[in-house]
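In the numbering used here, the protein residues as written are 86 to 173. Just so you know, even glycine gets a beta-carbon here, dropped at the ideal spot from N, CA and C. This structure is a prediction, so every number in the text was calculated from the model and none was measured.
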Amino acid sequence: MSIFSSIQDYQDELVRRFCNPKRLLIAETEWYKEESDIDQIKKECLEKIIFFESRGFYLFQEPQIDHQPHLKRMRVRLVFKPSESNAS
């Protein structure tokens with residue numbers, strides 16, 4: 086087996102291990118009114134990030150916002166993946 090195919094096999098293994106959607110962990114904040122205090126939202130996001138980091142996960146994507154304009158509310162969705170020590 087050539088070095089290039091070995092590298093490709095290793096890349097495929099890493100993708101299966103870390104980028105598998107089945108290993109995706111999603112945390113959502115409470116629903117907030119559109120006029121809510123941003124510091125309250127930041128505090129809840131930080132608490133969730135610390136909670137999951139302490140359990141071997143890291144923030145994988147930029148936070149997403151779920152917005153329901155007809156209900157005048159929104160929440161933040163955080164997506165986590167396992168760290169190296171937590172992936173097996």
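In or out: residue i buried (at least 16 other Cβ within 10 Å) or exposed?
i: L156; result: exposed
i: F165; result: buried
i: P154; result: exposed
i: F136; result: exposed
i: F142; result: buried
Considering only residues of the same chain and omitting the five flanking positions on each side of residue i, which have a CB-CB separation below 8 Å?
i: I150; result: M159, R160, V161, R162
Within the continuous beta strand (DSSP E) that includes residue i, where are the two ends?
i: Q153; result: 149 to 153
i: E120; result: No beta strand (DSSP E) contains E120, which DSSP labels as neither H nor E.
Locate the alpha helix (DSSP H) running through residue i, then write down its first and last residues.
i: F136; result: 123 to 138
When you compare only the Cα positions, how much space is there between residue i and residue j?
i: Q93; j: D122; result: 48 Å
i: F89; j: I111; result: 35 Å
i: I126; j: E147; result: 15 Å
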